[in-house]
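Accompanying notes for the structure given below.
Residue numbers (our numbering): -10 to 252.
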């Protein structure tokens, strides 16, 4: 990977990074766990905080992550780190839109950008479940604790009006980005081994089939499909709300929304 000037990015000797830029509720925890379980990979955090905050990347945190990799590599070379694999890369998982600033950091540090998306109607159902069962915090829309008890139909209408525009902004921003590996939740479920291999090959990252299989086993606890989830949950979203979502997409006639389930 090169910088915008054509010169190779050199954040540290032979250390690399993968950014999983993902829609909330798109299987990103599983994908980032699988990638970070590859030999020599690990998880890193490259934003100041989470919760309701937009997850804009922090250059200081990116530099810290690369610095930590180099520290681990030196410890490995000196025999101070007991590990079967040489530290080589880190993986970050963030709900970050594509912007000029994001691309600048990708170019400057040679980061491999992976854009993970999912059928928008399935997301609406999973997002409501997340609010009710886990936490109301998300950058996509402001959800107050008092809203958790709403009837499903009211919450779906709220999410279509208030959260779907965030999702479409995210999707369109990455759809127009020239440099990315686009992965769908549905393809990840169908063949996770193939999707990891495609990411690694596109990013010119080292890989082998045994390493991928072992990483998937660790990430899934032995059951990939159970941990990643299922498709088709969005069938409960009625035609009126679907028409509203499609009307939003009509503002972008040059964008293919097929990967998120909109013809």
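Ideal placement from N, C-alpha and C gives every residue a C-beta, glycine not left out.
Determine the direct distance from the alpha carbon of residue 63 to that of residue 82, and round the result to whole angstroms.
-> Between residue 82 and residue 63, the C-alpha separation is close to 26 Å.
Cα-Cα separation between residue 238 and residue 250, rounded to whole angstroms | A straight line joining the alpha-carbon of residue 238 with that of residue 250 spans about 11 Å.
Residue 179 in three-state terms, based on DSSP = In this structure, residue 179 counts as helix in the three-state DSSP scheme.
Whole-angstrom distance between residue 168 and residue 12, CA atom to CA atom = Distance between the alpha carbons of residue 12 and residue 168 is about 18 Å.
Rounded C-alpha distance that separates residue 235 from residue 77 = Answer to the nearest angstrom: the Cα atoms are 43 Å apart.
Start and end of the beta strand (DSSP E) containing residue 130?
-> Note, residue 130: premise wrong, no beta strand (DSSP E); not H, not E.
DSSP state of residue 8 mapped onto helix, strand, coil | In the structure shown, residue 8 sits in a strand (DSSP, three-state: E or B).
Report the residue from 200, 40, 166 whose alpha carbon sits nearest the alpha carbon of residue 96.
-> With distances taken between Cα atoms, residue 96 lies closest to 166.
Given residue 157 as reference, the closest of 22, 52, 130, 36 once Cα atoms are compared | In terms of CA proximity to residue 157, 130 leads the group 22, 52, 130, 36.
Should residue 8 and residue 102 be called a contact, given that it needs their Cβ atoms to be closer than 7 Å?
-> Here residue 8 is near residue 102, since their CB atoms are less than 7 Å apart.
So, are the CB atoms of residue 244 and residue 164 less than 7 Å apart?
-> In this structure, residue 244 places its C-beta atom within 7 Å of the C-beta atom of residue 164.
Beta-carbon proximity list for residue 125, same chain, < 8 Å, skipping 5 on both sides = Once the five neighbours on either side are set aside, the close Cβ partners of residue 125 are 132, 133, 134, 136, 137.
Look at residue 79 and residue 31 and say whether their C-beta atoms are less than 7 Å apart.
-> Cβ atoms of residue 79 and residue 31: closer than 7 Å.
Could you round the C-beta distance between residue 35 and residue 22 to whole angstroms and report it? I think they count as a contact, below 8 Å.
-> 16 Å between Cβ atoms; not a contact.
According to DSSP, what are the bridge partners of residue 30?
-> For residue 30, which the question treats as bridged, DSSP gives the partners 78.
Spatial distance of residue 6 from residue 94 (CA atoms) | In a straight line, the C-alpha of residue 6 is about 11 Å away from that of residue 94.
When DSSP labels each residue in this structure, what does residue 69 get in the three-state scheme?
-> Note: residue 69 maps to coil in three-state DSSP.
With DSSP as the reference, please indicate the residues paired to residue 103 in a beta bridge.
-> 9, 170, per the DSSP bridge assignment.
Report the three-state DSSP secondary structure of residue 197 (helix, strand or coil).
-> Here residue 197 carries a coil assignment [DSSP, helix/strand/coil].
Of the listed residues 204, 209, 87, 154, nearest to residue 25 (C-alpha basis) | With respect to the C-alpha of residue 25, the residue from 204, 209, 87, 154 having the closest C-alpha is 204.
Measure the alpha-carbon distance for residue 179 versus residue 113 and round it to whole angstroms.
-> Taking the CA atoms as reference points, residue 179 sits about 21 Å from residue 113.
Quick one: what's got a C-beta closer than 6 Å to residue 27's C-beta in the same chain, skipping five residues either side?
-> Taken in chain order, the residues that qualify are 200, 204.
Tell me, which residues are paired with residue 83 by DSSP?
-> In the DSSP assignment, residue 83 is bridged to 10.
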